[in-house]
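Q: Got a structure for you, questions after.
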Amino acid sequence: MAKFVINEEFLQQVETLQILIKNNIAGLFGGNHRTRNFGSSCEFADYRDYIAGDDITKIDWNAFARFEKLYLKLFLDERQMHTRIYIDASRSMDYGKGRKAEQALRIAALIAYVSVCDMDKVSVYAIHGGTVEEVFVGVHGKDMYLEQIGKLNDIVF
1 MAKFVINEEF LQQVETLQIL IKNNIAGLFG GNHRTRNFGS SCEFADYRDY IAGDDITKID
61 WNAFARFEKL YLKLFLDERQ MHTRIYIDAS RSMDYGKGRK AEQALRIAAL IAYVSVCDMD
121 KVSVYAIHGG TVEEVFVGVH GKDMYLEQIG KLNDIVF
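Residue numbering for the sequence shown is 1 to 157, as defined by UniProt numbering.
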């Protein structure tokens with residue numbers, strides 16, 4: 001059975017990767033992924049004309065004072081992504097020295113860590129033949145990650 005150890009060195013490598021990824025991409029667990037939809041984040045996106053029935057708290061009163069016309073301020077919406085990781089748990093992954101299985105577990109742990117650091121949810125599943133087994137579901141936050149990540153070692157290849 002393939003096993004891997006989450007130690008300080010592994011977490012430092014993941015932190016470095018997470019910083020590199022964060023440099024390349026742009027509520028309680030709001031997520032950091034901008035959408036093209038308008039929402040309620042703090043980042044201003046655009047103005048649009050007020051239409052009867054719109055939320056009056058979004059009216060830009062400074063623009064009204066200047067133009068004597070009602071405008072709404074629109075903000076970017078931020079969404080939480082749910083990362084789902086599927087691990088091939090067939091016996092061929094553990095053949096010989098089991099390096100493929102160990103690498104699959106390390107990569108899954110790495111992707112999961114980067115996702116929770118980005119305030120996203122993570123679920124991991126193991127695929128055995130035609131069945132899919134939940135390893136852990138809906139993990140968010142580093143503390144919960146550290147509690148659940150050891151379950152990867154319970155996957156039987």
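By construction, the Cβ of each residue, glycine as well, lies at the ideal position given by its N, Cα and C atoms.
#1: Just to confirm, does Y145 get its C-beta within under 7 Å of one of the non-hydrogen atoms of the ligand COA?
#2: Beta-carbon within less than 6 Å of R84's beta-carbon, same chain only, minus the 5 sequence neighbours each way: which residues are those?
#3: Comparing alpha-carbon positions, which option in Q13, F157, E15 lies nearest G96?
#4: What residue range is occupied by the uninterrupted alpha helix (DSSP H) comprising I127?
#5: So, are the CB atoms of L17 and R48 less than 8 Å apart?
#6: Using three-state DSSP, classify K97 as helix, strand or coil.
#7: Using only the alpha-carbon positions, how far apart do G150 and F44 sit?
#8: Against chain B, with Cβ distances strictly below 8 Å, would I85 count as a contact?
#9: May I ask you to verify whether the region 105–125 touches the region 136–148, counting CB pairs closer than 8 Å and requiring at least 3?
A: This is what the structure holds:
#1: Among the components modelled here there is no ligand, and therefore nothing to report on the ligand COA.
#2: Result list for R84: S123, in chain order.
#3: The option with the nearest alpha carbon to G96 is F157.
#4: Unbroken run through I127 is the beta strand (DSSP E), 121–128; no alpha helix (DSSP H).
#5: No, the pair does not count as a contact, with Cβ atoms beyond the cut-off.
#6: Looking at K97 - three-state DSSP - the assignment turns out to be coil, as it is neither helix nor strand.
#7: Near 41 Å, if we compare the C-alpha coordinates of F44 and G150.
#8: The structure shown contains no chain B; it is built from a single protein chain.
#9: They touch, by the three-pair rule.
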